[in-house]
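Before any comments, here is the structure.
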Ligand code: GLP
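Numbering (the numbering used here), first residue to last: 1238 to 1489.
What follows is the structure in structure tokens.
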């Protein structure tokens, strides 16, 4: 793993995705030992975190790392999918992590998506997050348009958890998880950028050629506030982990 010089957000080029996953799992392991009874994790969905979740599940099996007191808050959830839908983020998290380690349902939180009083429900969810002590360690992926969570380009950097419309490019990118493109919801609920920036540590995984363009805009370009990933320039402990394909347009 090599730290790239002169990037506005600390960025590490990894030899393999597995080496990034090992590094992040080690960091989490250390935090779990340091704060065994009150660790709060912010979690992400998509392809990028799958290997890390596998590594955590392996360590739970082989090394007994203990999640029984950990509380988790996910970044986002689609709106309009029935409970238990195979591509909801709740289902994704259950399949990839929650059912693989000792994380009880009472300790796992996804943003509310029910139609009535959504604003109130989002505020209450944020209150629950605050009452838990806030996020100690937040995992993020990045959309090919630079979104974080489901904060699409143009989202305010002080935005809070709320309902959002998905960009067409996001629906297209996420269509691979659905049977047909029309099935991809048009709305979601996401933690806001302001909410995300309150986490103590932010760790971003960006792998593959579809991330190269936006990474070159963020890491080699101006501080353009229309690209949500640029918000991380304002965070004291953020780090990006990228592979060769994602780094292809950085000239390094
Ligand atoms: C979705 C999620 C984002 C995630 C992004 C990237 O849109 N809402 O939180 O970062 O996908 O996903 P992937 O890791 O599959 O590229």
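C-beta atoms are modelled at their ideal positions from N, C-alpha and C, and glycine is treated no differently.
When beta bridges are read from the DSSP output, residue 1279 appears opposite 1310 and 1375.
Contact between residue 1379 and residue 1441 holds: CB atoms are separated by about 6 angstroms, below the 8 angstroms threshold.
With a threshold of 16 other beta carbon atoms within 10 Å, residue 1258 meets it and is buried.
Assignment of residue 1398 by DSSP, reduced to helix, strand and coil, places it in the coil class. Its chain contains 1314, 1316 and 1426 as the residues whose beta carbon lies nearer than 6 angstroms to that of residue 1350, once the 5 sequence neighbours on both sides are disregarded; these appear in chain order.
DSSP places residue 1296 in the helix class (H, G or I) of the three-state scheme.
In the DSSP annotation of this structure, the continuous segment of the alpha helix (DSSP H) that includes residue 1328 starts and ends at 1326 to 1330. Around the beta carbon of residue 1330, 16 or more other beta carbons lie within 10 angstroms, which makes this residue buried. Note that the region 1431 to 1441 does not touch the region 1343 to 1361; fewer than 3 beta-carbon pairs, one per stretch, sit closer than 8 angstroms.
Of all alpha-carbon atoms in 1246, 1249, 1275 and 1328, the one lying nearest the alpha-carbon of residue 1368 is that of 1275. For residue 1483, the distance from the CB to the nearest heavy atom of ligand 1 is not below 7 angstroms. At a Cβ-Cβ threshold of 8 angstroms, residue 1438 and residue 1373 count as neighbours.
With contacts defined as CB atoms closer than 8 angstroms, residue 1406 and residue 1429 fail to qualify as a contacting pair. Taking a C-beta distance under 8 angstroms as the contact criterion, residue 1483 and residue 1449 qualify as a contact pair.
At least 8 angstroms separates the beta-carbon of residue 1333 from that of residue 1277.
Residue pairing from DSSP leaves residue 1333 without any beta-bridge partner.
Going down the chain, each residue whose beta-carbon is closer than 6 angstroms to a heavy atom of ligand 1 shows up: 1281, 1282, 1283, 1284, 1285, 1312, 1313, 1378, 1379, 1380, 1386, 1387, 1407 and 1411. Residue environment for residue 1298: exposed (fewer than 16 other C-beta atoms within 10 angstroms of its C-beta). Assignment of residue 1389 by DSSP, reduced to helix, strand and coil, places it in the coil class. No Cβ-Cβ contact shorter than 8 angstroms links residue 1377 with residue 1248. Comparing alpha carbon positions, the residue from 1252, 1307 and 1240 closest to residue 1270 is 1307.
Taking residue 1465 as reference, the option from 1243, 1375 and 1392 with the minimal CA-CA separation is 1392.
With respect to the 8 angstroms criterion, residue 1443 and residue 1469 are not classified as neighbours on the basis of their beta carbons.
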